[in-house]
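Numbering (this note's numbering), first residue to last: 8 to 159.
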């Protein structure tokens with residue numbers, strides 16, 4: 008869990024937060040390699056260094072709703088679970104990041120990626136889908152059959 012230093016005792020110091028920002032690309036690489044971070048919805052210099060358009064909206068808002076992406080990312084978590092804990096801020100201008108939960112006004116409460124990083128949120132899969140492989144195999148069989156018939 009990462010804290011921006013302003014909400015709990017023992018949170019990150021100013022110098023520690025400066026180290027996070029200086030290492031923003033390393034944190035992004037960690038996330039893109041399957042790592043994860045759980046944090047409060049606060050303004051972090053390292054996130055802003057990677058996504059300068061991101062803004063943090065002060066105030067808690069009302070309600071908490073998981074999105075479809077949020078239900079996939081957090082199976083078993085409910086809207087009631089979200090409402091049970093405190094929150095202080097919301098996000099806007101999240102770029103290509105996934106919105107995993109919103110408040111009653113539609114502002115992002117939880118943001119994340121789908122196995123990517125902040126710079127490349129949803130990496131393109133290099134593995135073809137099974138249906139594409141099946142179509143490719145049928146095409147090869149057709150070509151082989153045609154060649155076999157020509158030789159006969």
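By construction, the Cβ of each residue, glycine as well, lies at the ideal position given by its N, Cα and C atoms.
Please report the distance separating the alpha-carbon of residue i from that of residue j.
i, j, result
"residue 22", "residue 105", "30 Å"
"residue 25", "residue 148", "60 Å"
"residue 58", "residue 40", "18 Å"
"residue 8", "residue 19", "Caution applies to residue 8, whose pLDDT of 48 falls short of 50 and renders its modelled position unreliable; the value that the coordinates give is listed next. Cα-Cα distance, rounded: 11 Å."
"residue 51", "residue 28", "8 Å"
So, using beta-carbon positions, are residue i and residue j closer together than 9 Å?
i, j, result
"residue 66", "residue 95", "yes"
"residue 111", "residue 78", "no"
"residue 108", "residue 56", "no"
"residue 116", "residue 98", "yes"
"residue 119", "residue 75", "no"
Round the Cβ separation of residue i and residue j to the nearest angstrom and send it over; I've been treating them as touching at under 8 Å.
i, j, result
"residue 73", "residue 101", "No, residue 73 and residue 101 are not in contact; Cβ-Cβ is about 16 Å, not under 8 Å."
"residue 31", "residue 53", "4 Å"
Tell me where the beta strand (DSSP E) around residue i begins and ends.
i, result
"residue 119", "115-119"
"residue 110", "It is not in any beta strand (DSSP E) - residue 110 carries neither H nor E in the DSSP assignment."
"residue 65", "62-65"
"residue 96", "96-99"
Can you tell me where the alpha helix (DSSP H) with residue i in it begins and where it stops?
i, result
"residue 91", "86-91"
"residue 36", "31-39"
"residue 78", "75-80"
"residue 57", "52-57"
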